[in-house]
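Everything in the sequence shown is counted per UniProt numbering, starting at 1 for the first residue and increasing by one.
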Amino acid sequence: MSAHDCESNAEQPSTGAASGVGEAIALGVIGLIVLGGLFWWIAREPGANGDGDERRGATASLPLGFAIEEFIGEDACAECHPSIAVYHERHGHSRTFRRAGDRALAARLDGRVVADPERPAVTWRFLLDDGRLAVDRQAGDRVDRLPIDFALGSGYHATTFISVLNDDPHDFVIREHRLTYYADGSIRITPGQGVIETAPGTDAMGRVLRDEDSFDCVKCHVTLTSASEAGHVDLATLIPTVSCERCHGPGRTHAEAARRGADPTSLAMPFGPGRASAKDQMLLCGECHRHPSQAPPGALRPDNIELARFQPVGLMQSRCFTESDGAMSCTTCHDPHDRPSTDPSSYNTTCLSCHQSSHPTQVSCPVSPSTDCTTCHMPRVDAGQKVFFADHWIRVRDEVLGATGDGSDPPSH
Numbered sequence: 001m002s003a004h005d006c007e008s009n010a011e012q013p014s015t016g017a018a019s020g021v022g023e024a025i026a027l028g029v030i031g032l033i034v035l036g037g038l039f040w041w042i043a044r045e046p047g048a049n050g051d052g053d054e055r056r057g058a059t060a061s062l063p064l065g066f067a068i069e070e071f072i073g074e075d076a077c078a079e080c081h082p083s084i085a086v087y088h089e090r091h092g093h094s095r096t097f098r099r100a101g102d103r104a105l106a107a108r109l110d111g112r113v114v115a116d117p118e119r120p121a122v123t124w125r126f127l128l129d130d131g132r133l134a135v136d137r138q139a140g141d142r143v144d145r146l147p148i149d150f151a152l153g154s155g156y157h158a159t160t161f162i163s164v165l166n167d168d169p170h171d172f173v174i175r176e177h178r179l180t181y182y183a184d185g186s187i188r189i190t191p192g193q194g195v196i197e198t199a200p201g202t203d204a205m206g207r208v209l210r211d212e213d214s215f216d217c218v219k220c221h222v223t224l225t226s227a228s229e230a231g232h233v234d235l236a237t238l239i240p241t242v243s244c245e246r247c248h249g250p251g252r253t254h255a256e257a258a259r260r261g262a263d264p265t266s267l268a269m270p271f272g273p274g275r276a277s278a279k280d281q282m283l284l285c286g287e288c289h290r291h292p293s294q295a296p297p298g299a300l301r302p303d304n305i306e307l308a309r310f311q312p313v314g315l316m317q318s319r320c321f322t323e324s325d326g327a328m329s330c331t332t333c334h335d336p337h338d339r340p341s342t343d344p345s346s347y348n349t350t351c352l353s354c355h356q357s358s359h360p361t362q363v364s365c366p367v368s369p370s371t372d373c374t375t376c377h378m379p380r381v382d383a384g385q386k387v388f389f390a391d392h393w394i395r396v397r398d399e400v401l402g403a404t405g406d407g408s409d410p411p412s413h
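Shown next as structure tokens:
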């Protein structure tokens with residue numbers, strides 16, 4: 001499922017390493033909820049890797065038996081953790097699932113007409129009426145209107161829209177729209193719906209998703225999909241966006257203990273820092289950002305630039321990860337509460353904590369021993385649809401090319 005609108009694409013200050021976040025480190029998060037997915041991860045049949053039942057019991061649906069009353073919401077968390085709340089507000093996780101008409105993007109789209117990128121005789125017109133966003137598809141004299149219920153995405157790559165066709169939690173059906181709004185302001189085909197790669201269920205208006213597919217589309221954009229049953233989407237009890245409690249678990253017991261001045265041992269969240277190995281953290285992050293175990297045979301190749309979309313997948317192929325003795329994870333370099341820095345220099349200190357001439361077992365870079373580590377070893381690449389990602393398969397490259405193909409600096413992520 002694709003996903004990131006551009007309500008605010010301005011650069012934000014952020015730390016490059018997570019060494020100072022202390023208790024601010026949450027499990028299971030890194031960077032942004034990524035756009036789309038490789039077509040073979042989007043369109044694969046349910047259970048293709050033997051994990052269908054496990055995936056339907058995802059953390060977004062109370063698999064551990066938490067009651068809805070145990071969730072307190074991110075505003076309550078902000079009362080005691082205001083600085084973390086400020087960081088999280090600018091992180092992509094805080095804006096992954098919103099009512100389409102409520103987003104600033106809706107006003108910018110109102111009245112905009114675009115030609116279908118693949119069908120010259122078809123045009124699309126967006127309109128905002130009384131807080132409801134919709135789109136008209138016109139082909140000749142025929143006009144079909146499709147309401148836009150939700151906008152999915154972090155805000156830094158693109159926004160994909162969905163319409164709810166049936167809101168019954170036991171038969172939840174949605175339509176992923178044919179057109180996606182990208183961060184550069186363009187409106188183009190949603191990944192998986194073009195003439196080259198057409199996913200099952202695709203028609204002129206978009207792609208219809210039901211059952212496990214509709215659940216999988218929504219689950220990584222929300223904190224809770226349903227308060228009653230795992231593996232279902234119930235809009236009445238859904239908790240939108242990837243908030244504190246998606247990664248730390250419900251906070252009521254923690255908050256009540258803090259308010260009565262309980263001892264630190266009573267303040268532990270269901271999930272938290274220091275209680276997971278790097279391997280387990282990669283599994284948690286990989287639930288949404290993808291994990292190598294989900295890849296089909298032959299996909300994990302150095303020349304497969306589409307892997308750049310899925311940071312844990314690339315990272316886990318690199319020697320930095322495999323030779324770290326289980327120490328390296330997403331939070332080695334990223335504060336999971338804040339938007340990842342787009343300044344390459346902010347990561348130098350983390351790289352040089354190992355790669356320095358005085359280190360007995362690590363190699364210092366002979367080309368640039370103290371600067372521009374990620375520029376050379378983690379260049380930004382176009383992983384499709386002119387969406388750029390830092391390639392987390394850290395390695396020495398025979399040729400470092402600008403992701404734009406002409407040597408110029410590509411857009412930041």
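Every residue gets a Cβ at the ideal spot worked out from N, C-alpha and C, and that includes glycine.
Run the CB neighbour count on residue i, radius 10 Å, all protein chains shown included, and call it buried at 16 or more, exposed below.
i, result
"P344", "buried"
"T241", "buried"
"K219", "buried"
"E256", "exposed"
"H129", "Per the sequence shown, the amino acid found at residue 129 is Asp instead of His. When all chains shown are included, D129 counts as exposed."
"D398", "exposed"
"S243", "buried"
"T322", "exposed"
"P250", "buried"
"A277", "Per the sequence presented here, residue 277 reads as Ser, with Ala not at that position. Classification for S277: exposed."
"R98", "buried"
"P191", "buried"
"D216", "buried"
"P169", "buried"
"R142", "exposed"
"S228", "exposed"
"S341", "buried"
"I196", "exposed"
"A262", "exposed"
"A390", "buried"
"S94", "buried"
Assuming residue i contacts residue j (C-beta within less than 8 Å), just tell me the rounded distance between them.
i, j, result
"C330", "I394", "That pair is no contact at about 13 Å."
"S226", "L238", "7 Å"
"I148", "L133", "4 Å"
"H91", "R339", "5 Å"
"Q311", "H392", "4 Å"
"N348", "S370", "7 Å"
"T160", "H177", "7 Å"
Could you compute how far the alpha carbon of residue i sits from the alpha carbon of residue j?
i, j, result
"I68", "P270", "15 Å"
"G298", "E245", "36 Å"
"M316", "L127", "44 Å"
"residue 415", "D211", "Examination of residue 415 is not possible in this model, given that the chain is present from 1 through 413 alone."
"residue 414", "E79", "No answer is possible for residue 414: it lies beyond the span of the chain, which begins at 1 and ends at 413."
"P336", "Q281", "12 Å"
"S266", "R259", "11 Å"
"P292", "V313", "5 Å"
"V396", "S318", "10 Å"
"D372", "D136", "47 Å"
"P46", "Q294", "Note on P46: pLDDT 31, under 50, position unreliable in the model; the coordinate value appears next. Using only the alpha carbons, I get a separation of about 12 Å."
"H221", "N304", "26 Å"
"G101", "P360", "57 Å"
"M205", "D213", "18 Å"
"Y156", "A183", "6 Å"
"S357", "V367", "13 Å"
"V400", "D325", "Caution is warranted here: a pLDDT of 43 is assigned to V400, below 50, making its placement in the model unreliable, and no coordinate value can be reported."
"V113", "P200", "27 Å"
"L179", "Q138", "14 Å"
"H289", "G111", "34 Å"
"R145", "L105", "19 Å"
"G73", "H232", "21 Å"
"R301", "M378", "16 Å"
"T123", "S186", "14 Å"
"P264", "G272", "13 Å"
"A76", "Q362", "45 Å"
"C354", "T374", "14 Å"
Cβ atoms of residue j and residue i: under 7 Å apart, would you say?
i, j, result
"R188", "P117", "yes"
"T96", "S154", "yes"
"A383", "E287", "no"
"R207", "Q193", "yes"
"E70", "R275", "no"
"T387", "A308", "The sequence shown places Val at residue 387, not Thr. Not in contact: V387 and A308 (Cβ atoms no closer than 7 Å)."
"T350", "C376", "no"
"L235", "D167", "yes"
"A158", "R103", "no"
I'd like to know if residue i contacts chain D, where contact means its C-beta is closer than 7 Å to some C-beta of that chain.
i, result
"E229", "Of the chains in the structure shown, none is chain D; there is only one protein chain."
Contiguous beta strand (DSSP E) assignments of at least 3 residues, all confined to the region 220-286: Here the runs fully enclosed are 222-224.
Within the region 321-409, note down every full beta strand (DSSP E) run reaching 3 residues or more, in order along the chain. Along the length of the region 321-409, whole beta strand (DSSP E) runs at least 3 residues long occupy 380-382, 388-390, reported in chain order.
For the region 145-186, which segments carrying the beta strand (DSSP E) assignment without a break, of at least 3 residues, lie completely within its bounds, in sequence order? 150-152, 158-166, 173-182
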